[in-house]
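Chains as they are written, first to last, in my numbering: chain V, 1198 to 1436; chain S, 1198 to 1436.
Positions of the beta carbon are idealized from the N, C-alpha and C atoms, including for glycine.
Quick caveat, the model's predicted, so the values are computed rather than measured.
Please read the structure below before turning to the comments.
There are 2 protein chains.
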Amino acid sequence: MAAMRKKKAVKTPKGDQTRTLILNTALDMFLERGYEQTTMRAIAEKAGASLGNAYYYFRSKEHLIQAFYQTTHDQHVALALPALEKHDDMKSRLLTVVQLKIETLKPYHQFAGVLFKTAADPQSPLNPFADEANPVRQASIQLFEKVVEGTKSRIPKDLRAELPYLLWVYHMGIILFWIHDRSPKHRRTYRLIDRTVEMVDRMIQLGSNPFMRPLRKHALALVDELRDAAEDVLDADDN
Amino acid sequence: MAAMRKKKAVKTPKGDQTRTLILNTALDMFLERGYEQTTMRAIAEKAGASLGNAYYYFRSKEHLIQAFYQTTHDQHVALALPALEKHDDMKSRLLTVVQLKIETLKPYHQFAGVLFKTAADPQSPLNPFADEANPVRQASIQLFEKVVEGTKSRIPKDLRAELPYLLWVYHMGIILFWIHDRSPKHRRTYRLIDRTVEMVDRMIQLGSNPFMRPLRKHALALVDELRDAAEDVLDADDN
DNA sequence: GCGGTTAGTTGAACGTGTTCAAATTTCGCT
DNA sequence: AGCGAAATTTGAACACGTTCAACTAACCGC
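As structure tokens, this is what we get:
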């Protein structure tokens, strides 16, 4: 409910059709020529619409990227959910989900740099860190909730609560690496995933030890604070 | 030597003067009106040069930012070096340097977002992570070498060698937080610095323990790999 | 079906970063 | 001083993202 926000309200079947057409055309062209090389004029023309019409549905060229997030996220979920059923331990569940994410993004590697650039801009409405209400982000974190839920190992409540967010941030880090990774078949990224998933798993075990309670509390408080700070950014415009 | 690279070679006193004038004018205007609001035309006009002339000295508007890095870095060093003389333990040395960095950047908080945005773009020539040869980055890491050098505590060689780079990355993280931080007087950032410096210090102690050797080796190898991957990005254009 | 309101569509115009061929100035040398 | 080459300077032109006032089509209540 609260998840849907600024999404341009389409009020007419015809309008919906136009919107979809423009969007698909744009994504096709991004894939084919890259983001920078694809002009709004070209998108409009190929979609059989006018330039202004494209801007009626998408506030800016960047906003088209939001739709891209959504599309690839849906694909990712479609692959990940069935795959998760085969695993019940944290390590292999996390490994599965992260590997499949990269798998999903693979075709877009060439212009992924742009995505990250806009995502990292604190001012951008697309920054997934800054926008708590961003539906794609919420859905994305939900997937990691599922990863955690299906785990049998004993994890303290406080850590368990924060874990989906932490794993989501971790997977964003992997994506960042992948964007930079020029190795053949992204081997480096896969190796990194293997290693770091292992480490993450161990750290969760370690952090679940009763011994670690004070340190864990401390660290989780810090994480909370970081999260708050990131999310305050957009509020500044609401005054 | 190898540190100076693409820097536009100025071959004439007159040229040098023009270059400096344009640069200073640009930085002034960035401070006054922000980066986006300052147009190349406005810079050129105020500097008494032509538009094309500005582009003769600076390949793009973004390249003017490189000069900004340089300027603030110089200021930072000027503050940090004397201050470091008063401390000989890791914790207070690191605290000093990082606090002073934020101090130095303070006047530019309003448009710092732009800086980070361009810095985070893997394609950008300004990405400090991707460009090993970037003189500003080298100088910046050197400062953290000094932080480590002046420490009396015993740190294993392998860790000591990697530490300046790690601390530099840590301080980039702090800057990232600060950019997002809208709290009055950046209190949140200073609190974060207090806490994390403490943690970093403890982790260095922990990691220096002979017990930790295997884990440390493992982690350092990972760091090395991450670093390599980041720096390979620019090479791809050299073919 | 009609009139009015809302949704959708158009393309010209604007501002901006960037490029470039041509003009001008400075330099190094005799 | 004078000359050719190199460095610097110019501003018009281009391409692109974005805006907007005007126009047209669809919808809704009667």
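Local Cβ density within 10 Å of residue i, reported as buried at 16 or more and exposed below that
i	result
residue 1296 of chain V	buried
residue 1287 of chain S	buried
residue 1415 of chain S	exposed
residue 1298 of chain S	buried
residue 1304 of chain V	exposed
residue 1234 of chain S	exposed
residue 1380 of chain S	exposed
residue 1321 of chain S	buried
residue 1263 of chain S	buried
residue 1337 of chain V	buried
residue 1328 of chain S	buried
residue 1340 of chain S	buried
residue 1384 of chain S	exposed
residue 1236 of chain S	exposed
residue 1209 of chain V	exposed
Residue-chain proximity (residue i, chain S), Cβ-Cβ < 8 angstroms
i	result
residue 1306 of chain V	no
residue 1410 of chain V	no
residue 1434 of chain V	The pLDDT assigned to residue 1434 of chain V is 40, lower than 50, so where the model puts this residue is not dependable; a value taken from the coordinates is nonetheless given after this. So no, residue 1434 of chain V is outside the interface.
residue 1310 of chain V	yes
residue 1265 of chain V	no
residue 1392 of chain V	yes
residue 1212 of chain V	no
residue 1363 of chain V	no
Contact check, residue i vs residue j, beta carbons under 8 angstroms
i	j	result
residue 1503 of chain S	residue 1258 of chain V	Chain S is shown only over 1198 to 1436; residue 1503 of chain S falls outside these bounds and no answer can be derived.
residue 1311 of chain S	residue 1252 of chain S	no
residue 1371 of chain V	residue 1390 of chain V	yes
residue 1219 of chain V	residue 1246 of chain V	yes
residue 1409 of chain V	residue 1403 of chain V	yes
residue 1359 of chain S	residue 1417 of chain S	yes
residue 1364 of chain V	residue 1261 of chain V	no
residue 1426 of chain S	residue 1378 of chain V	yes
residue 1211 of chain V	residue 1226 of chain V	no
residue 1333 of chain V	residue 1272 of chain V	no
residue 1281 of chain V	residue 1300 of chain V	no
residue 1405 of chain V	residue 1352 of chain V	yes
residue 1392 of chain S	residue 1419 of chain V	yes
residue 1362 of chain S	residue 1413 of chain S	no
residue 1302 of chain V	residue 1269 of chain V	yes
residue 1488 of chain S	residue 1306 of chain S	Residue 1488 of chain S is absent from the model: chain S starts at 1198 and stops at 1436.
residue 1250 of chain S	residue 1215 of chain S	yes
residue 1224 of chain V	residue 1265 of chain V	yes
Proximity test, Cβ basis, 8 angstroms: residue i and chain V
i	result
residue 1385 of chain S	yes
residue 1378 of chain S	yes
residue 1419 of chain S	yes
residue 1227 of chain S	no
residue 1198 of chain S	Its pLDDT being 35, under 50, residue 1198 of chain S is placed unreliably by the model, and the measurement read from it follows with that caveat. Chain V contact via Cβ: absent.
residue 1336 of chain S	no
residue 1381 of chain S	no
Delimiting residues of the alpha helix (DSSP H) encompassing residue i
i	result
residue 1235 of chain S	Residue 1235 of chain S -> no alpha helix (DSSP H), and no H or E assigned at all.
residue 1338 of chain V	1332-1346
residue 1322 of chain S	No alpha helix (DSSP H) contains residue 1322 of chain S, which DSSP labels as neither H nor E.
residue 1362 of chain V	1354-1377
residue 1298 of chain V	1287-1302
residue 1246 of chain V	Unbroken run through residue 1246 of chain V: none, as it is neither H nor E.
residue 1270 of chain V	1260-1281
residue 1387 of chain S	1384-1405
residue 1227 of chain V	1210-1230
Interface partners of residue i on chain V, CB under 8 angstroms
i	result
residue 1231 of chain S	Those within 8 angstroms of residue 1231 of chain S in chain V number zero; the least Cβ separation is about 11 angstroms.
Closer than 7 angstroms at the beta carbon, the chain S residues around residue i
i	result
residue 1318 of chain V	1310, 1314
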